[in-house]
Each structure stands twice: as C-alpha cells, then as structure tokens.
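Colleague:
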Amino acid sequence: MDYEFQKIEEKWQKAWKEACLYKVDIDFSKPKYFVLDMFPYPSGAGLHVGHPLGYIASDIYSRYKRLKGFNVLHPMGYDAYGLPAEQYAIQTGQHPAITTEVNIKRYREQLDKIGFSFDWSREVRTCDPKYYKWTQWVFIQLFKHWYNKASQKAEAIENLISYFEKNGTNGIQAHCSEEIQFSAEEWKSKNEKEQQELLLNYRLAYLADTMVNWCPALGTVLANDEVKDGYSVRGGHPVMQKEMKQWSLRISAYAQRLLDGLDKINWSDSLKEIQKNWIGRSEGAEVLFDVSNSNHKLLIFTTRPDTIFGATYMVLAPEHELVNEITTGEYKNAVSNYIEETQKRTERERMADTKKVSGQFTGAFAFNPFTKQNIPIWISDYVLAGYGTGAIMAVPAHDSRDYAFAKHFNLPIVEVISGGDITNEAYDSKDGIVINSDFLNEMPAKEAILKINDEIEKCGIGKRKINYRLRDAIFSRQRYWGEPFPIYYKENLPYPLDEKKLPLELPEIDAYLPTEKGEPPLGRAKNWTTEEGYPLELSTMPGFAGSSAYYLRYMDPNNENTLVSKEANHYWKDVDLYIGGAEHATGHLIYSRFWNKFLFDLGIVCEDEPFKKLINQGMIQGRSSFVYRIKNTNKFVSLNKKEAFDTTEIHADINCVTNDILDIEAFKKSNPEYANAEFIFDEDDKYRCGWAVEKMSKSMYNVVNPDDVIVKYGADTLRMYEMFLGPLELSKPWDTNGIDGVHKFLKKLWRLFYSRESIIFTDEEPSADELKILHKTIKKIQEDIENFSFNTSVSAFMICVNELTDLGCHKRKILESLLIILSPFAPHIAEELWSALGKKDSICKADFPEFNAEFLVENSFEYPVSFNGRLRYKLPLALDVPVKEIEEIVLKHESSQRWLEGKAPKKIIIVPNKIINVVV
RNA sequence: GCGGAUGUGGCGUAAUUGGUAGCCGCGCCAGACUUAGGAUCUGGUACUGUAAGGUGUGGGGGUUCGAGUCCCUUCAUCCGCACCA
C-alpha cells in the first residue's frame, strides 16, 4: 500500500467540510483562543508559495490549541477593496467587483488545497455592504466624538457642546487642530453653520484643508505609509504635495496611549521600535520669542532649552504663517523668491539633497529673552512646517543642522555646553557642563534642562511640551473602489447619515475615472444624494478602513444590529495570536490599535489592545537561476566555464532547472528565442546554472505556485517543508529541490503503518526505548510549538520516525500518540492513518498526549572528557558516581596519560552529568 | 546619520541558553538492488593532513576551567526612520 497523498487529501478535505469540523461557537466550558492571520488582498496573480507561510504557522498553532482543549477561533476573509482592481477596471472597463469576485474564488481554491482549519462560516469581505456597514458606522462614531485630555478618552460631541454652552473654551482640555478661544456667550451667538465649523476642530473624524500626498497618476491622495521616497508604494508613481479638503482621523489624540500600550503587548522589539519611531515622542519646551520692533511673537519648540543662551538666530519654515508679516521691505523680494523656489521642489528633491544648505534672511530680528540679544530671523526649508511650531531657535554650537547653516551663512556660534570642539563640528550630546549661560553655568546639561524649564514657566514665556511626530491620518481617497463615506453636505458642511440608513452602498458608475470637473469617480454616480436631495461625499475610504476592525467582526460576523455583540466580545475578547507581515508596522497595525482604543473608550470592546501577541513571518524569497549567453551569439556557456567568455547573465525559468542543472529541451521550449540555442557544457556534458536569492516575481522567472507543489508532493509535504525551511520570522529562499527530504519523511511514516501489501500495526506493549523516543518527541514538539519554532519540530519528527523505523516499531500505543502530535503539521496523513487505526472520530478531537518524564530517565551518562577545554575521549559512567570517584577514574584512565604527559593536573572541573574538564 | 535585526559546511539550518559545534534535510561521493531509473536502501561528507594531529561559528580583543552563546571593538548584509529642532 502506497502513500497516495492526492486521494487522501481530497477525501479528508471533503469530509472535514461536510462535518463543519472547524466551525466554532461560544462555548463557556472551554477557554477561548483567537488565532488571526492578516487577511489577504486577492490579487489577480493568485498565491505564490510565500503567501501561505504565515497561514501554515497559524494553522499549526490553531490545531495544537484545539488538541490542548481550547475553543479556537481561526477565521479568514478578504481585504477586498484596493487599487489594483480599480486600475484594472480603468484599463478594461470590467467592474472591480467582478474582478475581485474572480480573484477571491481563485484564492479560496488555493487555500482550500492546503488544508487549513479556517471557520469559513465567519468569512468577511471588506467590500461586502453587510461588512462595510460597520466600517461606516465606526466612522460616524468618530465623527460624533472628541478627545478629552482631562479624562484621557473619547467622549460624545454633545458633552463638548454643553460644555461650550456653559463655559466656552475656558478650561477645556480638548485635543484639537488649532487652539481657539471663545466664551459661552460667543458660542451661543454663533449660528448653526458657525458652530458646526468650530466643532470640526474637535471631532475625531474631521474635514480640513491639509497638505496631502497627491499622486496625479493614480488620481488620489495617499497616506504617509503609502509613499516611499516621493513615489507611491503601489505602482511607483511620483507623489507631490498639495493642499486639499480631506477627511482626517485624529489619531494624534491617541499618540501617548498608542505608545504606552506597546509595553503591554507581546510584539517583537523591532516592530515596537518602528511604531515608537513613527509616534516619535519628544519632550521639550515651547518658548515665545518677541519679534523686535513689532507686536508679533514667535513660538518655537525645542528639546534642548538648556542651550537657549547659545541661540544666535532663528529659523522659520518657509510656509510659516508669520513670514510675510515680519519680513522687512528690502527683503520682501528675496524672501518670496526663496519661498517660490522651495515650493517648486518636490518632496523627493528636498529629501535627495538634505546636505545642501539654503535659506534667506527676513530682515527681522527676535529678542532672546535670556541673552537679551537681538538675533536675526531666517527662513529655510530645513525647518519643517508640519513639526512642532514650524519655527526653531537655532543653536549652532550644539545642533549639527544649525551648525551647517551658521557656517554657510557666517552666523555666530556660541558654545554653551562644554565637552566638544565647536571649531570643527557641533557638539550635540547632552553629556557636558553648561558654560556661558549666566545662572545655568557649571550645571550638567541634563540638570540645566529642568532648571531652565522652571525659569521659562516662571517668566510666563513658555511651558514644557511634549511633541509627537505622528500625524493625523488622512482618510479620503479620490477613488471608486472603496467604502463610501456616510456623509452628506448641507450648506457645504458635513453631516453624518442616520445610522439606520447604513450601509450606504457604493453606486454604479459609467467609468472608473474622475469627472471632467476633476471630481472623484463618485461624481459620475446618478442621484448620489440623500432622500432630501443633499449631496453625498464623493471620496471613498482608504485601504486601512476595512482592515481596522475586521478582527472584531469575526467574533460576530452576521450580527446585523451591532458591530460586535457584548456577549461575543466578552467571550473572544482580543486576538491571542496575530501572524502577518512586518510591512504593516506603520499602517494597519497602528490604525487598528487606534480604532480599537476608540471603541474601547466607547465601551464597545472590552480590551484596549487588539493584538496580544504578534509574529511577523519572514518573506520567502525566490531562488533565481541564470544562464550565460556569450555576447552577440545564441550560445550559452555553463557556469564553470563562463569566465573564458564575455557573457550576459539571463534569468532562466526555474521550471527548466533541477539542482542547478539545465534541462536543455525544456529551456529551448521556454522561449522561442532559445529554440536554436547552442550550449557549451561542463566535462560531464551537463549545463550548470548560476543562482541568486531574489524577490519572488514573474520577471525573475522564479515564482513557485503552491498548486504545482501540491500536485507533485501533496499539501502535507508543502506545509511541512514551508516550516522546515527555517525560523518563521526569518526571510529565506525557497528551493523546491529540498522538498524531497520532507516528502520522504512522510513516506517513511507511512511505512510504519503499511507494508507494501497491508496494514502492519500491532497491539504489542511498547518497549522502554520506544517510549523514550515517543516522549522525547512529545516534549520537543510541545516546546517547539509554544515557541513558534516549527522548523525544529519538523526535524524532531524526522528523528523520531528514523528511530522508530530502526527499531521496527509498529505498535499502536506509540503510533497513536505520534499521529496526534503530527496532526497540526500534516493533518491529512494523520487523519488517514488515524482512521486506519480504527478511530471513528476525527483526530482533531483527540487530546494532545501528556509528556511523561519517567520514560526519559537514564541510568548512565557518557561524559565528554576535555583537557584544557578540548574534547579528547568519552567516558560512560553510572549517574550516581560521586565526583571524587570520577576524578580518580579519569586520572587513572589510560587515555588520560597521553594528555597529562606525566604531569599532575592543575585542576579538574566536574559538572555532574554534563562535562569533565582537566586543566593541565 | 539614528534605530532594529542577522552573520555557523557547497546550500537551508541545529546546538539542552556558558558545557561534546555542525542535529535534521538538500546536494555531493561510494556502494547494493535493478526491465540503467528524477525509484528504494546502506555507508561517507566542516576544513586541512596519508596519519597522529592541527584549524574552525564575519574580523580583532577580553572574561572564564570552558564562549557560536557573555563583555568591548570592528566589518558586512537586510529592514525601518530620516533636516522631527
């Protein structure tokens, strides 16, 4: 009887589906466990072998947890809105919903073949109105709430309104776009429109003019994390800065909580670090500088108030609102020229030459409140409008950027912290003693910061301030294929739709392009208004909208009355294990933490962090193969001989290559260009290819499709080989050649149950050796799974099966346990052999075997005996030999004589049951 | 520039957390069986040397009886951020 994986896998996949084996419900008799995968965007290319890596790992863990008695929620769905489907629609006229449907179907087929234990009854799709109803609903809640810094949580906008009615802004601690002040009377005297406008300053979802990353080629706005080096991440189109009225989410209100929350969650250090940097907290002070001969004051932010005596000039961002007002007559032209020039430069150009110093004096001076000196005010694009206050006090002696600027424009440099050599470079460090600074002199810099902050606050010229780099998230996209905003406009002001009207469904349009007026595609929709005739918002939501709360929807996917019921949320609580790629560090993973915290404030969810533990799986890279064509010929030379020729390296399709040997016939057929190719072979008449590890992609001809692997080796082999490749978190190249080893292992396992003719297991009692092998493996597998070290589990299984084969063990008591611990990794073969043992119920319902340490007890130990740390021979001894006696045995041992050379040893180290080391 | 991660055979990797470096698998070499096969099985395989031995975990230094593991330093690769005051 042979291992017919195709038949077996088909049979059990069907049986599991019919039995709804993986369907879960709330069950208070069992502890819950929620294992989540980052749901895929169903692209047209289908899955390649790298995509399921994380899914396999999470599936193994889910299956393991079930065997351990947990009620495991392990759902899957699709992040179905997105640019590629829309780009495809623009090109072909095909509705993106159709493309998406087709792609989802293909993904599902591929996923099903791998034998995952997903509860598909809970599937979500972000483009499904039943699903995005709740995305829209959360948006309305964000619109209807503001952030109270006093209570540190989101509160209903009605509370803010009644506060304004009583006190105006007096004493309010609200997170807002702009600090504004008005009295209760002023508030009450405003009309509806004016009040609504003011409220946008506080709402957590608000409409405002913002500088956005505009991508003309895609016709839309992009979030910061969707732009890299001035180009769009998707498509690589140029991105420019543009001011537009856009929806934003006030995520900055949650900056501190997002930072604090990182300490409570079990994520990798690198990922936490990325989020910390992205949030970018910095502690400092805001200080007001008077502009000389004027009533204007300049507010600056600094993290080094201790160096204020060294502030010899000031710099404003070119976009700073006071630039025009303070610039003196004779400098007006020069200043406006400079501003014009910086605006012309794209973001990318600005980043490309950060070393180039540029700036312009405004003619104005500011008064340094401590040195009592008038210092010149400059503008320069090295100061960013979007950070802090858009203005700085420049301390050239202790800030490298200020230093470069001062040197370039010949501005004074005054040393105020000792420890560096400011004739050469700025001394940026906080290690040093304050000098030239009046009452701060002789203090360590760190101490001086506290002292000067007190002084600044005492004088009323400023206050301590914490700044965050985290910007509010721009939430509008001028696109078709996304969630419509549940917003209509009355007198040009936004109002939320009645929640009972949700979902607001995406309308049909005649073309997936902007209108002639330059409106977004929804401008083409007919009757895109409320029943009363008010126009609806034309933008749609961005990609991260639908993924921000999907894990909550899985808890209660069909609930039509609420996002997630209290009952479901209190049972499933949060995601215990989340597996996905690190590329979402500053996008999805920060937005969904924000949404979750907001929903937590509203009492809708009971945990304030959504993902307790998170693992980033590494990327699977491609292993490309190369052939070497001699220039100007159609002749290819083998790797070993290529040095003698002038060659061009060309990607060969990896389907034509086995163990780096080129299949000549297949290669000739792979491209008409090669049909008549000639070859220079190695001595053994083989053509050897070169290789390199590269991204897996069509253009490199190195894509491996899981379907092909499954046809040839089966899903169980694929699953185990993906794990066998190496540690989950690491990137590693895929090399199909290695898969044989794993496949052979499964065949060898099969041989423990079946001979060529028949089933051969026995009911004999297991021997001590067999029990030892089994329990050693149980222990190892359990530890490995809990540490997510799946690669070492696979080799432990191989060792176990090798050893049992050597002992000729076919005993039921051993094999049963082995199958259970293997079943998370290779569920099909485990289920098949389980039923062959006569079991009626699925192996998924078995209990993970208890490890029993008694079976591992040894009665002797083979000591490695070292001389000066070098292993020389081995000495088997009983476990209970006393140290004193071991010493004697070692010294008398004939092998020792050679290394002692007649001398007495200086020292003998004996670690019982570990090692013996003789120091000579 | 700042922050994070990773460096071990020809390749993917392992090492009980300071105690026998190279487990498991690929590849390679040799052999067995055989309708010579991309099947199966057996043995070998870090480097060097005929051998005894010597060398060896990116490089250099240190702590220790003992270091892949700890400390200092340096190099390389990858990832993130980047004029963030």
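Sequential numbering of the first sequence, starting at 1112, is according to the working numbering.
The C-beta atom is built at its ideal place from N, Cα and C for all residues, glycine as well.
At the level of alpha carbons, what is the spacing between K1753 and F1737?
Modeller: Distance between the alpha carbons of K1753 and F1737 is about 12 Å.
Colleague: Hey, quick one: how far does the alpha helix (DSSP H) through Y1832 stretch, first residue to last?
Modeller: Here the alpha helix (DSSP H) through Y1832 covers 1826-1835.
Colleague: Is the CB-CB distance between E1220 and G1188 below 7 Å?
Modeller: Going by C-beta atoms, E1220 is not nearer than 7 Å to G1188.
Colleague: Provide the residue(s) that pair with W1489 in DSSP beta bridges, ordered along the chain.
Modeller: In the DSSP output, where bridge partners are listed per residue, W1489 has V1426, F1472.
Colleague: For K1143, does the count of other Cβ atoms within 10 angstroms reach 16, so buried, or fall short, so exposed?
Modeller: K1143 comes out buried.
Colleague: Which residue's Cα is closest to the Cα of E1305: K1601, A1328, K1483?
Modeller: Out of K1601, A1328, K1483, K1601 has the C-alpha closest to the C-alpha of E1305.
Colleague: Among L1318, L1427, L1194, Q1307, whose alpha-carbon lies nearest the alpha-carbon of L1333?
Modeller: For the residues L1318, L1427, L1194, Q1307, the minimum Cα distance to L1333 belongs to L1194.
Colleague: Going straight from the alpha carbon of V1976 to that of D1818, what length do you get?
Modeller: Using only the alpha carbons, I get a separation of about 52 Å.
Colleague: Within 10 angstroms of the Cβ of I1870, are there 16 or more other Cβ atoms? Answer buried if so, exposed if not.
Modeller: Classification of I1870: exposed, given that the 10 Å Cβ count is below 16.
Colleague: Please name the residue, chosen from D1401, Q1454, Y1365, that lies closest to K1353 on a Cα-to-Cα basis.
Modeller: That would be Q1454, whose Cα lies nearest to the Cα of K1353.
Colleague: Apart from the five residues just before and just after F1792, which ones in its own chain have a Cβ nearer than 8 Å to its Cβ?
Modeller: Correct list, in chain order: S1749, Y1798.
Colleague: Using the Cα positions of V2031 and S1971, report the straight-line distance between them to the nearest angstrom.
Modeller: Taking the straight line joining both Cα atoms gives about 27 Å.
Colleague: Roughly how many angstroms lie between the CA atoms of E1451 and A1505, to the nearest whole one?
Modeller: Taking the straight line joining both Cα atoms gives about 23 Å.
Colleague: What are the boundary residues of the alpha helix (DSSP H) that A1907 is part of?
Modeller: 1901-1918 is the extent of the alpha helix (DSSP H) around A1907.
Colleague: Sorted by chain position, which residues of the same chain lie with C-beta nearer than 7 Å to M1831's C-beta, five sequence neighbours on each side aside?
Modeller: Excluding positions up to five away in sequence, the list reads V1853, V1905, F1936, A1937.
Colleague: For the beta strand (DSSP E) that P1607 lies in, which residues bound it at each end?
Modeller: Unbroken beta strand (DSSP E) run through P1607: 1604-1607.
Colleague: List the endpoints of the continuous beta strand (DSSP E) containing Y1413.
Modeller: In the sequence as presented, Tyr is not what sits at residue 1413; that position holds Thr. Looking at the DSSP string, the run of the beta strand (DSSP E) that includes T1413 is 1408-1413.
Colleague: Once DSSP output is grouped into helix, strand and coil, what is the label at F1236?
Modeller: Before going on, a small fix: residue 1236 reads as Arg here, not Phe. Here R1236 sits in strand by DSSP.
Colleague: Considering only DSSP beta bridges, list what M1504 is partnered with.
Modeller: For M1504, which the question treats as bridged, DSSP gives the partners M1425.
Colleague: When DSSP builds the beta bridges, which residues end up paired with E1397?
Modeller: Its beta-bridge partners are F1412, K1574.
Colleague: Tell me the residue span of the alpha helix (DSSP H) that contains R1368.
Modeller: Per DSSP, R1368 belongs to the alpha helix (DSSP H) from 1366-1372.
Colleague: Quick one: what's A1334 bridged to in DSSP?
Modeller: Paired residue(s): none; A1334 is not in a bridge.
Colleague: Is E1998 near I2026, with beta carbons less than 7 Å apart?
Modeller: No, the pair does not count as a contact, with Cβ atoms beyond the cut-off.
Colleague: Below 8 Å, can you find three or more Cβ-Cβ pairs linking the segment 1672-1689 to the segment 1623-1631?
Modeller: Judged by Cβ distances under 8 Å, the segment 1672-1689 makes no contact with the segment 1623-1631, as fewer than three pairs qualify.
Colleague: Would you list the residues sitting across from I2032 in a DSSP beta bridge?
Modeller: Since the first residue shown for the chain is 1112 and the last is 2031, residue 2032 is missing from the structure and cannot be characterised.
Colleague: Our contact map puts E1397 next to I1419 with C-beta atoms below 8 Å; I'd like the distance itself, whole angstroms only.
Modeller: About 12 Å separates the two Cβ atoms, so there is no contact after all.
Colleague: Is there contact here, the segment 1832-1851 with the segment 1888-1898, by at least three beta-carbon pairs under 8 Å?
Modeller: No: the two stretches stay apart, fewer than three of their Cβ pairs being nearer than 8 Å.
Colleague: Who does I1598 pair with in a DSSP beta bridge?
Modeller: Answer is P1607, bridged to I1598.
Colleague: Can you say whether M1149 is buried or exposed, counting buried as having 16 or more other CB atoms within 10 angstroms of its CB?
Modeller: With 16 or more Cβ atoms within 10 Å of its Cβ, M1149 is classed as buried.
Colleague: Take V1545 as the anchor and find which of H1509, Y1579, C1570 has the nearest alpha-carbon.
Modeller: Taking only the C-alpha atoms, the option nearest V1545 is H1509.
Colleague: Compare the beta carbon distance of T1439 and V1446 with 7 Å and say whether it is the shorter of the two.
Modeller: No.
Colleague: What does R1740 pair with, by DSSP beta-bridge criteria?
Modeller: For R1740, which the question treats as bridged, DSSP gives the partners F1747, T1759.
Colleague: Span of the beta strand (DSSP E) holding N2037?
Modeller: Residue numbering for the chain in the displayed model covers 1112 to 2031; residue 2037 lies beyond these limits and cannot be assessed.
Colleague: Looking at G1161: is its Cβ nearer than 7 Å to the Cβ of M1834?
Modeller: No. Outside cutoff.
Colleague: Given a cut-off of 7 Å on the beta-carbon distance, is the pair L1158 and I1731 in contact?
Modeller: It is not a contact, given that the beta carbons lie outside the stated cut-off.
Colleague: Pick out whichever of G1421, A1656, I1620 has its Cα sitting closest to the Cα of F1596.
Modeller: Here the closest residue by C-alpha is A1656.
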